[in-house]
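So the sequence shown is numbered by the working numbering: it starts at 29 and just counts up by one.
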Amino acid sequence: QVQLVESGGGLVQPGGSLRLSCAASGSIFSIYAMGWYRQAPGKQRELVALVTSSGAINYADSVKGRFTISRDNAKNTVFLQMNSLKPEDTAVYYCNARKNNIGPDSWGQGTQVTVSS
Numbered sequence: 029q030v031q032l033v034e035s036g037g038g039l040v041q042p043g044g045s046l047r048l049s050c051a052a053s054g055s056i057f058s059i060y061a062m063g064w065y066r067q068a069p070g071k072q073r074e075l076v077a078l079v080t081s082s083g084a085i086n087y088a089d090s091v092k093g094r095f096t097i098s099r100d101n102a103k104n105t106v107f108l109q110m111n112s113l114k115p116e117d118t119a120v121y122y123c124n125a126r127k128n129n130i131g132p133d134s135w136g137q138g139t140q141v142t143v144s145s
């Protein structure tokens, strides 16, 4: 099973940017689909962005054009570049790894992103 550690969260003003990183260890990174999910208070966890082992990418409609997911298989790391942040992007962001694109899933501990003036 892969272990995941997120970093890069914090407090940012509306319109600002943050870059989240998720470092993986313990398994062959390249065979995993990697995703970013988020959960705001009182809401269900939702998919933000996903990149499969072959490089196919999907985004939630709410972040298209503002967020970019990428992976570096040589460094066992997946990134989420978040631009033009809005208050509604405030949530705990979780890194997810899905073995062979279908499962089982592994989760990171989460990193808080707060967008506020």
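Cβ atoms here follow ideal geometry from the backbone N, Cα and C, with glycine treated the same way. The model shown is predicted, which means the values in this text are computed figures rather than measured ones.
Per DSSP, the bridge partner or partners of residue i
{"i": "Lys127", "result": "Tyr60"}
{"i": "Ala52", "result": "Leu32"}
{"i": "Ser134", "result": "Ala125"}
{"i": "Gln140", "result": "Val120"}
Beta-carbon gap between residue i and residue j smaller than 8 Å
{"i": "Ser112", "j": "Gln41", "result": "no"}
{"i": "Glu34", "j": "Gly131", "result": "no"}
{"i": "Ala119", "j": "Arg66", "result": "yes"}
{"i": "Arg73", "j": "Tyr121", "result": "no"}
{"i": "Val30", "j": "Ser49", "result": "no"}
{"i": "Trp64", "j": "Leu32", "result": "no"}
{"i": "Ile229", "j": "Leu78", "result": "The structure shown has nothing for residue 229, since the chain only spans 29 to 145."}
CB contact check: residue i to chain D, cutoff 8 Å
{"i": "Trp135", "result": "In summary, chain D is missing from the structure at hand, where a single protein chain is found."}
Discussion item. For the structure I just gave you, are there three or more beta carbon pairs, one from the stretch 131-142 and one from the stretch 88-108, closer than 8 Å?
Written reply: Short answer: they don't touch.
Worksheet item: What are the start and end residues of each continuous beta strand (DSSP E) run of 3 or more residues lying completely inside the stretch 63-123, in chain order?
Response: Fully enclosed beta strand (DSSP E) runs of 3 or longer: 74-79, 85-87, 95-100, 105-110.
Fill in: Cβ contact (3+ pairs, closer than 8 Å) linking the stretch 120-131 and the stretch 53-63
Contact between the stretch 120-131 and the stretch 53-63 is established, with three or more Cβ pairs separated by less than 8 Å.
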